[in-house]
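Enquirer: Structure in structure tokens, see below.
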Amino acid sequence: MDGLEDQDSLSTAGNSLPGSEQLEQSGKVLVLPVNGESRKITQILSNETSIKILELLGKKSMSATSIAEELKLPLTTVKYNLDSLIESDLIKIKQIKWSKKGRQVKIYESAEKLIVLVPSKSSIDRLSLVNLLQKYLGVIVAAFFCSRGYRIFFSLYESKKGH
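Structure, rendered in structure tokens:
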């Protein structure tokens, strides 16, 4: 990792950064009206590089250099996308570590937020939307696991069928 020490031996500047408490206090649900405000996030989520970065950070926290190496992308491309993802509160800086050369190394992680787009004219407020989502959360989780189970079963069936 470009002159970085083993992660366990790096010093840290603390577990959280200024502003990260605000992010955590804002909750796990990001409710956006469908208008110019939500355009930035929809553009980010339609960017293939941003999606790949989100997928990686969903699995483990990583530095920009590690992400660039993993995705085989230029560091400048990764940093540009990381800045956009941070600005949209889709990822956050978990901690800052220091390289042997004394350079700051930011470790990024997924913000793990549920993003809900609501038509602008809707009178639904954040609290009632969260209550509605909680009401149907069991159904959503069950549907997710059923679809995953079906995919696993189908792939096993196809692999046995091929032999």
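Numbering follows our numbering, with no gaps: position 119 of the sequence shown is 117. Even for Gly, the Cβ is constructed at its ideal location relative to N, Cα and C. No experiment lies behind these values; they were computed from the predicted model shown.
Determine, using beta carbons only, whether S64 and I89 come nearer to each other than 8 Å.
Expert: no
Enquirer: In angstroms with no decimal places, state the Cα-to-Cα distance between F151 and S145.
Expert: Their backbone Cα atoms lie some 10 Å apart in a straight line.
Enquirer: What whole-angstrom Cβ distance do T47 and L71 have, given they're in contact under 8 Å?
Expert: 7 Å
Enquirer: With DSSP run on the structure shown, which of helix, strand or coil describes S97?
Expert: coil
Enquirer: Taking buried to mean at least 16 other C-beta atoms within 10 Å of its own C-beta, is L154 buried or exposed?
Expert: exposed
Enquirer: Do you know offhand how far I138's Cα is from S97's?
Expert: 43 Å
Enquirer: For the beta strand (DSSP E) holding E110, just list the boundary residues, first then last.
Expert: That residue, E110, is in no beta strand (DSSP E); it is neither H nor E in DSSP.
Enquirer: Answer yes or no: do L76 and I51 have a C-beta to C-beta separation smaller than 8 Å?
Expert: Going by the sequence as given, residue 76 is Val instead of Leu. Yes. Within cutoff.
Enquirer: Give the DSSP-derived three-state secondary structure of L88 in the structure shown.
Expert: coil
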